[in-house]
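These protein sequences, in sequence, are chains A and B.
The numbering of the first sequence is the working numbering, which starts it at 1 and goes up by one.
The numbering of the second sequence is the working numbering, which starts it at 1001 and goes up by one.
Cβ atoms here follow ideal geometry from the backbone N, Cα and C, with glycine treated the same way.
Report on one structure; see the data block that follows.
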Amino acid sequence: MTIATDSSKTNTGTKAEQSIRMYRRMVMIRLFEEQVNELYTRALMPGLAHLYVGEEAVAVGICEALKPSDYITSTHRGHGHCVAKGASPDRMFAELLGKEAGYCRGKGGSMHIADPATGNLGANAIVGGSAGIATGAALSAKRLGTGQVAVCFFGEGALGQGVLYEVMNLAALWKLPVIYVCENNLYTEYTHYSETTAGDILARGTAFGVHAESVDGQDVRAVHATAQKLVDRARKGEGPAFLLCNTYRYTGHHVGDINREYYRSKQEEQMWKTERDPIKNFATWMIDQKITDATKLQTIEDEVRAEMKAAVEFAIAAPYPTIDEVDQDVYA
Amino acid sequence: MPEVATRELTFAQAVREALAEEMRRDSRVCIFGEDVAEAGTPFKVLSGLVEEFGAERVIDTPISEAGFTGMGVGAAMTGLRPVVDIMFGDFLTLTMDQMVNQAAKVHYMSGGTWKVPMVVRTTLGATRRSAAQHSQSLHAWLSHVPGLKVVLPSTPYDAKGLLKTAIRDENPVVFFEDKMMYKLKGPVPEGEYTIPLGVADVKREGEDITIVATSSMVQVALGAAELLEKIGLSAEVIDPRTTWPLDEKTLIESAKKTSRAMVIDEGYGRYGVTGEIASVIAEGAFYNLEAPVKRMGAMHVPIPFSPPLEDVTVPTDQTVFEAARALCGKA
Ligand SMILES: Cc1ncc(C[n+]2csc(CCOP(=O)(O)OP(=O)(O)O)c2C)c(N)n1
Chain A
1 MTIATDSSKT NTGTKAEQSI RMYRRMVMIR LFEEQVNELY TRALMPGLAH LYVGEEAVAV
61 GICEALKPSD YITSTHRGHG HCVAKGASPD RMFAELLGKE AGYCRGKGGS MHIADPATGN
121 LGANAIVGGS AGIATGAALS AKRLGTGQVA VCFFGEGALG QGVLYEVMNL AALWKLPVIY
181 VCENNLYTEY THYSETTAGD ILARGTAFGV HAESVDGQDV RAVHATAQKL VDRARKGEGP
241 AFLLCNTYRY TGHHVGDINR EYYRSKQEEQ MWKTERDPIK NFATWMIDQK ITDATKLQTI
301 EDEVRAEMKA AVEFAIAAPY PTIDEVDQDV YA
Chain B
1001 MPEVATRELT FAQAVREALA EEMRRDSRVC IFGEDVAEAG TPFKVLSGLV EEFGAERVID
1061 TPISEAGFTG MGVGAAMTGL RPVVDIMFGD FLTLTMDQMV NQAAKVHYMS GGTWKVPMVV
1121 RTTLGATRRS AAQHSQSLHA WLSHVPGLKV VLPSTPYDAK GLLKTAIRDE NPVVFFEDKM
1181 MYKLKGPVPE GEYTIPLGVA DVKREGEDIT IVATSSMVQV ALGAAELLEK IGLSAEVIDP
1241 RTTWPLDEKT LIESAKKTSR AMVIDEGYGR YGVTGEIASV IAEGAFYNLE APVKRMGAMH
1301 VPIPFSPPLE DVTVPTDQTV FEAARALCGK A
């Protein structure tokens, strides 16, 4: 493995170090996804993938508030969560290509990356499918007294699933250390969320007595500050929270969703990319604050780009699992 | 099959044409599901329908399978004829209470008073590199439950005729489409026709072995039959087209004629469709059989993502050919 995870460094260092770390993580996600798209267009990746480009500040801001041992559950759009929680890109790419060196030995693919070492309980291809798992992990943490917190990432589409409401009720009743992070990127697959979502999103949490807040999901500092507060609360036994992160996916629902004009305009996409970009805006802020300068940020980008290229090459060269793997691990 | 095939349609076009015709014929027919309107589903099967029938009849729903399937049951009981779209067959699991405890039971529990004329359209099939939660073939689950009918078309012609019948049926019908088959072309005549549920179709006549195959496995069986012909074995390929009602007579008669039978289905073999059909044949043709009935289905594993692994989990022309050859004592 060429790339070490640096998740052990989260929650440490000065504010400036933290900013640089968050910046690097966001760039990692962006360039990871760039490579995924490239693999798809070059027909090197089996199947499809759902890119996280545009939403980087959410995963990074939240995971910066977590310890390596804290849990996350993720979604079909999960690469960003994995990277933010400390997964290494080479094993992720290997998984995306169905290779033995992948996090799931090639059995899971893009939508199912799981990694106990970084507290990743797994990405889930069933919308809302991990709400129970995250809440159950919070129950374990409470019963076993481990002090861990669980974060359940889901898209606003999952607000349609009844299971979410069942578990929020339970989490509030039992004061479980779980944070429901709703990533509202405005669209489910090809439908604007306003056409499928009635009423107020935050009220869905408060109805159960779950503390609920919303945050600008393009602002990594705001996401991180809010997440830190909610994580601390949960860790102290003050119960679950619901965090609505307003964000946007820059590209299609999946890599094959190229013609999008029937459900959203090019101008809208352009507006988010130019005015609301989480990486660009954070870079500007850091330079203004004299935390860093443009040259140093360019160096980070170059380093990450090289890292991603090496990771892809590793994955392409890696072998597939042998056929006798196919019926292994059906049962523990 | 049609007498004169004047044109070819894809499987997806045949499904869409059946829906359009039935929606023109009966204003109570409506569609609901995720991304069914402007998007026309991720597989583009429903493209154009919202333009013709409007958003009142082609209705986008939230991602709430249990909720809108339950609404399908209620709407069907009270005057609409809903066609509920469940994007991937894997998501049927989210609707199981609505399907099994509600839709399937209403007519019987009410002493035959209420009816549920609803269709649930969904998909099955692996090898699309979609991994374990988007690749399953769960039709056996529904076939197990009295009160539900289950349809598994394998050609554009069958898809159109069977779907029209399903929509006109007074019962809940689950209609499984192989997602790998949407682009498959086949002859579909112009004009009105329907195909009754519970009537098997002989896709190829033969003398030496009966291969019963469903849905995605029909093409595989036909491919295997070609290979068998090259070594001098004549295979009869039978597609039951519906797992319930099941055309037992056609299956048994064929097995009696050929004296050997195998059953191929993309669901899991254990406690599945192949087991049921094999036992029907074994019971009905026992004294005419020269070998035990052979079954082939998906390997008993969650469908893996990795292509070389996924490819060995489903029967292929070659593996069916080899099994058939062995069953005929020519291995
Ligand atoms: C239960 C279920 N229903 C439908 C789907 C198909 N599907 C996959 S992603 C998606 C949209 C999800 O939207 P959202 O939750 O907002 O996440 P986003 O894709 O926007 O990140 C749908 C409908 C699914 N995977 N699971």
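Close beta carbons around residue i, own chain, < 6 angstroms, minus the five adjacent residues each side
i	result
Glu189(A)	His253
Met168(A)	Phe208, Val210
Gln228(A)	Ala65
Ala59(A)	Gly80, His81, Ala84
Gly1284(B)	Ile1252
Neighbourhood of residue i by C-beta, 7 angstroms cutoff - its chain only, sequence neighbours within 5 removed
i	result
Ser7(A)	The pLDDT assigned to Ser7(A) is 43, lower than 50, so where the model puts this residue is not dependable, and the model offers no usable value.
Lys9(A)	Residue placement at Lys9(A) cannot be trusted, given a pLDDT of 45 that sits under 50; what the coordinates show is reported in the next sentence. Only Arg21 meet the Cβ criterion.
Thr292(A)	Ile20, Met286
Ile279(A)	Met26, Val27, Arg30, Glu56
Asp216(A)	Ala222, Asn246
Gln1098(B)	Ala1066, Thr1069, Gly1070, Val1073
Gly132(A)	Val163, Val167
Ile1281(B)	Leu1251, Ile1252, Ala1255, Ala1261, Val1293
Gly157(A)	Val127, Thr188
His50(A)	His76, Arg77, His253, His254
Ala1221(B)	Ile1211, Ala1213, Val1237, Ile1264, Val1320
Leu186(A)	His192, Tyr193, Tyr248
Ile1303(B)	Ala1126, Ala1131, Ala1132, Ser1135, Gln1136, Glu1310, Thr1313
Ala1326(B)	none
Glu100(A)	Gly106, Ala318, Pro319, Tyr320, Pro321
Arg91(A)	Met1, Ala101, Gly102, Tyr103
Local conformation of residue i per DSSP, three classes
i	result
His112(A)	helix
Gly165(A)	The identity of residue 165(A) in the sequence shown is Tyr, whereas the question assumes Gly. Helix.
Asp1208(B)	coil
Cys82(A)	helix
Cys104(A)	coil
Lys99(A)	coil
Lys15(A)	helix
Tyr1268(B)	strand
Val1174(B)	strand
Asp1060(B)	strand
Ala158(A)	helix
Lys1203(B)	strand
Asp1158(B)	helix
Asn246(A)	strand
Asp216(A)	strand
Val1015(B)	helix
Lys1249(B)	helix
Gln1219(B)	helix
Gln267(A)	helix
Glu1288(B)	Residue identity check: residue 1288(B) is Asn in the sequence provided, not Glu. In the structure shown, Asn1288(B) sits in a helix (DSSP, three-state: H, G or I).
Arg260(A)	coil
Val1036(B)	coil
Phe1043(B)	coil
Leu297(A)	helix
Thr196(A)	coil
Start and end residues, beta strand (DSSP E) containing residue i
i	result
Lys1294(B)	1294-1298
Ile1031(B)	1029-1033
Thr73(A)	71-74
His224(A)	Where His224(A) is concerned, there is no enclosing beta strand (DSSP E), although the alpha helix (DSSP H) it sits in stretches over 220-235.
Gly155(A)	150-155
Glu1236(B)	1235-1239
Residues bridged to residue i (per DSSP)
i	result
Lys1185(B)	Thr1010(B)
His211(A)	Ala241(A)
Ala1213(B)	Ile1264(B)
Host alpha helix (DSSP H) of residue i (start-end)
i	result
Asp1311(B)	1307-1311
Leu121(A)	That residue, Leu121(A), is in no alpha helix (DSSP H); its beta strand (DSSP E) goes 120-123.
Thr1243(B)	Segment 1242-1244 is the beta strand (DSSP E) holding Thr1243(B); no alpha helix (DSSP H) there.
Leu144(A)	131-144
Thr284(A)	278-288
Ile1281(B)	1273-1285
Under 7 angstroms from the C-beta of residue i: neighbouring residues of chain E
i	result
Ser1306(B)	The displayed structure is made up of protein chains A and B, and chain E is not among them.
Length-filtered (4 minimum) alpha helix (DSSP H) runs lying within the segment 1071-1156 of chain B: 1106-1109, 1139-1143
Mind pulling the alpha helix (DSSP H) runs of 4 or more residues that sit fully within the segment 165-191 of chain A? none
Which parts of the segment 18-65 of chain A are runs of the beta strand (DSSP E), unbroken and 3 residues or longer, counting only runs that do not cross its ends? none
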